[in-house]
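Student:
Residue numbers (my numbering), protein chains in the order written: chain U, 1387 to 1647; chain D, 1387 to 1647.
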């Protein structure tokens, strides 16, 4: 295995750029992923990993788990001192891969036919986005839609929070929310806005058709009125305690649970 | 307002010790909390704040929000350079308070009478513990029980994740799990173990009595068999996708939702 020792090596710089810049991920069609489990999940999901940087310690510990993935792509040995250029983790696992985004784009035509989908409208917290994708997969949803203003699916924190679900769930990014929702409605897709409003339908009483898209709003402001009026129904979770509201991923969890059960 | 400039000041050291040491929090009955919102929530919940360290910038920005709390306790002005001794936040808000734990201990006698409770058995992730307490409050539970091995309620990350719910929810810590569960059962309290087991009762079909305690296990290993056999029933969430399981706080969210609705 070839060694890399310089922090100016092209792959070290390429990895760091992919880890930090959404625009570069978008332009290159590649992304950065770290950790043994995530690398294995990506490989098993059919993601191509053209370049992998790994420490000797990681190979010693996890060589068996990585054996299959090692048959593909170029692997480079890096010293532990280089890791600080690659990760913000306090206890990194010593493996950094460049992956090629999978072409598993969810098409409006698929959504119009059948299935249950969640649509993330402007969510900013990468941890929330990752957790919601993971929950959506666990509960059997058919795909995840995000507005352009939502945190990137290939953001390192989203990947980590989703535990690899990003690699498996069909997903798409929507430019113009309004036009997209109008198009869905015209095709008979049920659209449900989740809102904090005592006048909305309590989620336990809502009836979901198929196909159906549930919209979740931004952490701070929720869905805009402009967006929610375009939806067929507004649903809500009635709160009993003093907390202002559940956090976005907990609320999403309850909504998706009721939608799919 | 008196000024503190030295990192060796007794309150700076006291705060740092309370923020980092569970044993010291336990021994002193005090804890460390940071951020404008959390300080206000604590004050409104009746928590005494004998010492508060604050930067000039924080006072300028949030003086109005803090006005009521400022009538109590000793407030000290600190320079921004001192903040690195007090916080691990990347963008700290400049306010650090020492609080006195509230005496709102949940007694076994209260649990035996009525209510719905969640019991955290060995949870290690402070973010999960905080989120579960917040969710428990939002869904109207009557209290949170934790085993001695569970992450401390007054851990700074738990406080942050709970958004102040820790200050309001009745809670208690249980030394011997087995004896506690046996005692509850003998008193007619329903105990429900949440497990990953296709043979357990699907959570949507479970019947919950009052009083009732739902047990949630450790992130990695779940509940021990020794614990779950002591419970009246075992409940589970049936997973549809490929994710191994929901994360602990998402699973707890669905379980508590079904338990309280």
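Even glycine gets a Cβ: it sits at the ideal position worked out from N, Cα and C. All values derive from a computational prediction rather than experimental measurement.
On the CB-based measure, 16 or more other CB atoms within 10 Å of its CB, does residue 1574 (chain U) come out buried or exposed?
Tutor: The residue labelled residue 1574 (chain U) in the question sits at position 188 within the first chain. Exposed: under 16 other Cβ atoms inside 10 Å.
Student: Can you have a look at residue 1499 (chain U) and say buried or exposed, based on whether 16 or more other CB atoms are within 10 angstroms of its CB?
Tutor: Locating residue 1499 (chain U) in the first chain gives position 113, counting from the first residue. Under this definition residue 1499 (chain U) is an exposed residue.
Student: Since residue 1461 (chain D) sits in a beta bridge, which residues does DSSP pair it with?
Tutor: Your numbering for residue 1461 (chain D) matches position 75 in the second chain. For residue 1461 (chain D), which the question treats as bridged, DSSP gives the partners D:1438.
Student: Let me make sure I understand the geometry here. Which of U:1454, U:1509, U:1533, U:1505 has the alpha-carbon closest to that of residue 1522 (chain U)?
Tutor: In the first chain, the residue the question calls residue 1522 (chain U) occupies position 136. The shortest Cα separation from residue 1522 (chain U) among U:1454, U:1509, U:1533, U:1505 belongs to U:1505.
Student: Three or more beta-carbon pairs under 8 Å between the stretch 1427-1444 of chain U and the stretch 1478-1485 of chain U, yes or no?
Tutor: Enough Cβ pairs lie closer than 8 Å, so yes.
Student: Which term fits residue 1589 (chain D), buried or exposed, when burial requires 16 or more other beta carbons within 10 angstroms of its beta carbon?
Tutor: Locating residue 1589 (chain D) in the second chain gives position 203, counting from the first residue. Flag for residue 1589 (chain D) reads buried.
Student: Might you give, ordered along the chain, the residues of its own chain that have their beta carbon closer than 8 Å to the beta carbon of residue 1613 (chain D), omitting 5 neighbours on each side?
Tutor: By one-based count along the second chain, residue 1613 (chain D) stands at place 227. Contacts found: 1507, 1563, 1564, 1567, 1579, 1601, 1603.
Student: Got a sec: does the ligand MG put a non-hydrogen atom nearer than 7 Å to the Cβ of residue 1572 (chain D)?
Tutor: The ligand MG is absent from the structure shown, which contains no ligand whatsoever.
Student: Along chain U, which residues have their Cβ under 8 Å away from the Cβ of residue 1407 (chain D)?
Tutor: As a working mapping, residue 1407 (chain D) is identified with position 21 in the second chain. Those within 8 Å of residue 1407 (chain D) in chain U number zero; the least Cβ separation is about 19 Å.
Student: List in chain order: all unbroken beta strand (DSSP E) runs of 3+ residues lying wholly within the stretch 1388-1434 of chain U.
Tutor: With a minimum length of 3 residues, the continuous beta strand (DSSP E) runs that stay inside the stretch 1388-1434 of chain U are 1416-1420.
Student: Assign residue 1608 (chain D) to one of three DSSP states: helix, strand, or coil.
Tutor: Locating residue 1608 (chain D) in the second chain gives position 222, where the first residue counts as 1. Residue state, collapsed to three classes: strand.
Student: Could you check the C-alpha separation between residue 1571 (chain D) and residue 1617 (chain D) for me, to the nearest Å?
Tutor: The residue given as residue 1571 (chain D) occupies position 185 in the second chain. The residue given as residue 1617 (chain D) occupies position 231 in the second chain. Computed Cα separation, rounded: 8 Å.
Student: So which of U:1421, U:1560, U:1391 has the shortest CA-CA distance to residue 1463 (chain U)?
Tutor: One-based indexing of the first chain puts residue 1463 (chain U) at position 77. Comparing Cα positions, the closest option is U:1391.
Student: Between residue 1517 (chain U) and residue 1633 (chain D), is the Cβ-Cβ spacing less than 8 Å?
Tutor: Taking the first chain and counting its residues from 1, the one referred to as residue 1517 (chain U) is at position 131. Taking the second chain and counting its residues from 1, the one referred to as residue 1633 (chain D) is at position 247. A contact, by the Cβ cut-off of 8 Å.
Student: Return the chain-ordered list of same chain residues with a C-beta closer than 6 Å to the C-beta of residue 1547 (chain D), the five sequence neighbours on each side being excluded.
Tutor: Residue numbering aside, residue 1547 (chain D) sits at position 161 when the second chain is read from its first letter. Around residue 1547 (chain D): 1513, 1516, 1517.
Student: Please return the same chain residues whose Cβ sits closer than 6 Å to the Cβ of residue 1622 (chain U), not counting the five positions on each side in sequence.
Tutor: Walking along the first chain from the start, residue 1622 (chain U) turns up at place 236. Result list for residue 1622 (chain U): 1581, 1583, 1586, in chain order.
Student: Between which two residues does the alpha helix (DSSP H) containing residue 1620 (chain D) stretch?
Tutor: Locating residue 1620 (chain D) in the second chain gives position 234, where the first residue counts as 1. That residue, residue 1620 (chain D), is in no alpha helix (DSSP H); its beta strand (DSSP E) goes 1619-1622.
Student: Does the beta-carbon distance from residue 1576 (chain U) to residue 1537 (chain U) come in below 8 Å?
Tutor: Taking the first residue of the first chain as 1, we reach residue 1576 (chain U) at position 190. Taking the first residue of the first chain as 1, we reach residue 1537 (chain U) at position 151. Result no, Cβ atoms of residue 1576 (chain U) and residue 1537 (chain U) do not sit closer than 8 Å.
Student: From residue 1445 (chain U) to residue 1397 (chain U), what does the alpha carbon distance come to, in whole angstroms?
Tutor: Position 59 of the first chain, counted from the start, is the residue given in the question as residue 1445 (chain U). Position 11 of the first chain, counted from the start, is the residue given in the question as residue 1397 (chain U). Each residue's Cα considered, the two are about 19 Å apart.
Student: Please decide whether residue 1473 (chain D) counts as near chain U, where near means a Cβ-Cβ distance under 8 Å.
Tutor: Within the second chain, the letter at position 87 stands for residue 1473 (chain D). No, its Cβ sits nowhere closer than 8 Å to a Cβ of chain U.
Student: Please look up how many angstroms separate the CB atoms of residue 1561 (chain D) and residue 1534 (chain D), rounded, as I've assumed it's under 8 Å.
Tutor: Translated into the one-based positions of the second chain, residue 1561 (chain D) becomes position 175. Translated into the one-based positions of the second chain, residue 1534 (chain D) becomes position 148. Their Cβ separation, rounded to whole angstroms, is 5 Å, which keeps residue 1561 (chain D) and residue 1534 (chain D) in contact under 8 Å.
Student: Would you please state the rounded distance, in angstroms, between the beta carbons of residue 1599 (chain U) and residue 1519 (chain U)? I believe it to be under 8 Å.
Tutor: One-based indexing of the first chain puts residue 1599 (chain U) at position 213. One-based indexing of the first chain puts residue 1519 (chain U) at position 133. The pair is not a contact, with the Cβ atoms about 15 Å apart (cut-off 8 Å).
Student: Kindly indicate which three-state DSSP category residue 1598 (chain U) falls into: helix, strand or coil?
Tutor: Residue numbering aside, residue 1598 (chain U) sits at position 212 when the first chain is read from its first letter. Residue 1598 (chain U): strand per DSSP, three-state reduction.
Student: Is the beta carbon of residue 1402 (chain U) less than 8 Å from the beta carbon of residue 1484 (chain U)?
Tutor: Position 16 of the first chain, counting from 1, holds the residue named residue 1402 (chain U). Position 98 of the first chain, counting from 1, holds the residue named residue 1484 (chain U). No, the Cβ-Cβ distance between residue 1402 (chain U) and residue 1484 (chain U) is not below 8 Å.
Student: From the DSSP output, read off the bridge partner residues of residue 1577 (chain D).
Tutor: For the purposes of this step, residue 1577 (chain D) is identified with residue 191 of the second chain, where counting begins at 1. Its beta-bridge partners are D:1599.
Student: Mind reading off the beta-carbon distance from residue 1372 (chain U) to residue 1528 (chain U)? Whole number of angstroms is fine, and I expect it under 8 Å.
Tutor: The structure shown does not extend to residue 1372 (chain U), since chain U is modelled only from 1387 to 1647, so the question has no answer here.
Student: Considering just the uninterrupted stretch of the alpha helix (DSSP H) at residue 1497 (chain U), what are its terminal residues?
Tutor: Position 111 of the first chain, counting from 1, holds the residue named residue 1497 (chain U). That run of the alpha helix (DSSP H) goes 1494-1499.
Student: Look at the Cβ atom of residue 1492 (chain D), then the Cβ atom of residue 1426 (chain D), and state whether they are nearer than 8 Å.
Tutor: Along the second chain, one-based indexing puts residue 1492 (chain D) at 106. Along the second chain, one-based indexing puts residue 1426 (chain D) at 40. The answer is no: Cβ separation not under 8 Å.
Student: By how many angstroms is the C-alpha of residue 1413 (chain U) removed from the C-alpha of residue 1486 (chain D)?
Tutor: Locating residue 1486 (chain D) in the second chain gives position 100, where the first residue counts as 1. Locating residue 1413 (chain U) in the first chain gives position 27, where the first residue counts as 1. Going by the C-alpha atoms only, they are around 53 Å apart.
Student: Give the single residue among U:1615, U:1645, U:1569 whose Cα lies nearest to the Cα of residue 1596 (chain U).
Tutor: On the first chain, residue 1596 (chain U) is found 210 positions in, with the first residue counted as 1. Checking every option, the nearest Cα to that of residue 1596 (chain U) belongs to U:1645.
Student: Would residue 1399 (chain U) pass as a contact of residue 1541 (chain U) if the rule is Cβ separation under 8 Å?
Tutor: The residue labelled residue 1399 (chain U) in the question sits at position 13 within the first chain. The residue labelled residue 1541 (chain U) in the question sits at position 155 within the first chain. In this structure, residue 1541 (chain U) does not lie closer than 8 Å to residue 1399 (chain U) by Cβ.
Student: Let me check understanding here. Comparing Cα to Cα, which of D:1415, D:1591, D:1394, D:1431 lies closest to residue 1554 (chain D)?
Tutor: As a position in the second chain, residue 1554 (chain D) is number 168, starting the count at 1. Checking every option, the nearest Cα to that of residue 1554 (chain D) belongs to D:1431.
Student: Just grab the DSSP bridge partners of residue 1557 (chain U) for me.
Tutor: Along the first chain, read from residue 1 onward, the residue named residue 1557 (chain U) stands at position 171. For residue 1557 (chain U), which the question treats as bridged, DSSP gives the partners U:1491, U:1530.
Student: Along chain D, which residues have their Cβ under 8 Å away from the Cβ of residue 1590 (chain U)?
Tutor: Sequence index remark: in the first chain, residue 1590 (chain U) carries index 204 (1-based). Chain D residues near residue 1590 (chain U): 1647.
Student: Straight-line CA distance for residue 1641 (chain U) to residue 1647 (chain U)?
Tutor: On the first chain, residue 1641 (chain U) is found 255 positions in, with the first residue counted as 1. On the first chain, residue 1647 (chain U) is found 261 positions in, with the first residue counted as 1. Answer to the nearest angstrom: the Cα atoms are 10 Å apart.
Student: Does residue 1543 (chain D) come out as helix, strand or coil in the three-state DSSP assignment?
Tutor: Here residue 1543 (chain D) refers to the residue found at position 157 of the second chain. In this structure, residue 1543 (chain D) counts as helix in the three-state DSSP scheme.
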